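**Q** Before I ask anything, let me first share the structure, which is written out below as structure tokens.
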Amino acid sequence: MKAKWIMKIMVGLVVFGALAGWVVMTLWNWLIPALFAGPVIGFWQALGILVLSKILFGSAKGWKSGGGHCRDRNWKERWEGMSPEERERVRSLWKQRCRKSTPPPAPPAETES
């Protein structure tokens, strides 16, 4: 039973990949030569463009360290549980991390009269 599901998933991924490659190839060959006088590409080149765009831009869960909403919720819970001193320490730490590359101007030196 488990092997059957694995086989279905693998076949589905291959079909999806082939369909995605065909869509990229068709759109490229329809638009790029007409608009930019670019080359016509084949299926494997289209699949390569698809993989390259995936590497460069990402978008699938699991390829990046995600968890955006859960991470935000956990951070809010932690922030609410902090004492005012801990909050101030975190604020100052983030101010140091996020400051501009040039240090702030030094305070004026006290002069003795």
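Under the numbering used here, residue 113 is the last one in the sequence shown; the count climbs by one each step, no gaps. Glycine included, each C-beta is placed from N, C-alpha and C at the ideal position. All figures in this text were calculated on a predicted structure; none of them were measured in a lab.
1. For Lys54 and Leu31, I'd like the C-alpha separation in whole angstroms.
2. Give the single residue among Arg97, Met82 and Leu50 whose Cα lies nearest to the Cα of Ala18.
3. Could you work out which residue in Gly48, Leu27 and Leu13 is closest to Gly38 when comparing CA atoms only?
4. Would DSSP call Pro153 helix, strand or coil?
5. Since I believe Met25 is in contact with Ala3 (beta carbons under 8 Å), could you give me their beta-carbon distance rounded to a whole number of angstroms?
6. Where does Gly21 land, buried or exposed, given buried means 16+ other C-beta within 10 angstroms?
7. So, for Gly42: in the same chain, excluding its five sequence neighbours on each side, which residues have a beta-carbon less than 8 Å away from its beta-carbon?
8. Output needed for Cys98: all residues of its chain with C-beta closer than 6 Å, excluding positions within five of it in sequence on either side, in chain order.
9. For a test of the three-state rule: what should DSSP assign to Ala37, helix, strand or coil?
**A** Reading it off the structure:
1. Their Cα atoms are separated by approximately 21 Å.
2. When only C-alpha atoms are compared, the closest one is Leu50.
3. Nearest of Gly48, Leu27 and Leu13 to Gly38, Cα basis: Leu27.
4. Residue coverage of the chain in this structure runs from 1 to 113, which leaves residue 153 outside it and unanswerable.
5. In this structure Ala3 does not touch Met25 by the C-beta definition: roughly 33 Å separates them, more than the 8 Å allowed.
6. Gly21 should be labelled buried.
7. Correct list, in chain order: Met25.
8. Within the same chain, and ignoring the five residues on either side of Cys98 in sequence, no residue has its Cβ closer than 6 Å to its Cβ.
9. Coil, per DSSP.
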